[in-house]
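In this note's numbering, the protein residues as written are 6 to 145.
Positions of the beta carbon are idealized from the N, C-alpha and C atoms, including for glycine.
None of the values given here were measured: they were computed from a predicted structure.
Have a look at the structure below before the remarks.
Shown next as structure tokens:
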């Protein structure tokens, strides 16, 4: 449930998706794609054990067709096409700052890190929803 009132557009923690979808870095690309399709999501956080090592997005899946050298195969592990060392946000980061980070980094999602723990994911859709609530709230 999204926050109400003045806090509606406050911090990343207010808008992020908790318990984001994840895969192991050795997960096959086709299995990750199937998971994304069935869950109707555009991003998977990629872990090596309990450590975040990457993020897999629709854009990364485009590398299947555009690979340099030997193009990745759907049977390859996601580590082959994921974006390594993704930009992250803190739960207390203001939504406006997170939205700016998404825009300037030209990315669609920020894993949300609280110390060493990944606690959520903040996407462009989350940012848009929060910022629209700001604008709509200012008019009422």
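Start and end residues, alpha helix (DSSP H) containing residue i
i: residue 43; result: 34-44
i: residue 53; result: Careful: residue 53 lies outside any alpha helix (DSSP H), inside the beta strand (DSSP E) at 48-53.
i: residue 78; result: Here residue 78 belongs to no alpha helix (DSSP H), and DSSP marks it neither H nor E.
i: residue 64; result: 63-66
Contacts around residue i, its chain only, beta-carbon distance under 6 Å, and the 5 residues preceding and following it disregarded
i: residue 118; result: 93
i: residue 114; result: 48, 126 and 128
i: residue 23; result: 125
i: residue 89; result: 59
i: residue 85; result: 77
i: residue 18; result: 96
Those residues which DSSP pairs with residue i across a bridge
i: residue 58; result: Paired residue(s): none; residue 58 is not in a bridge.
i: residue 28; result: 51
i: residue 91; result: Looking at the DSSP assignment, residue 91 forms no beta bridge with any residue, so it has no partner.
i: residue 82; result: 33
i: residue 23; result: 125
Beta-carbon proximity list for residue i, same chain, < 8 Å, skipping 5 on both sides
i: residue 80; result: 33, 34 and 35
i: residue 28; result: 36, 37, 40, 49, 50, 51, 52, 61 and 83
i: residue 136; result: 14, 100, 101 and 104
Span of the beta strand (DSSP E) around residue i
i: residue 101; result: No beta strand (DSSP E) contains residue 101, which is instead part of the alpha helix (DSSP H) from 100-110.
i: residue 115; result: 114-119
i: residue 125; result: 122-128
Residues of its chain near residue i, where Cβ-Cβ distance is below 7 Å and the 5 sequence neighbours each way are ignored
i: residue 16; result: 96, 97, 98, 99 and 100
i: residue 110; result: 92
i: residue 130; result: none
* Say whether the segment 98-109 touches the segment 51-65, bearing in mind that this needs 3 or more beta-carbon pairs closer than 8 Å, one atom from each stretch. => Not touching, per the Cβ criterion.
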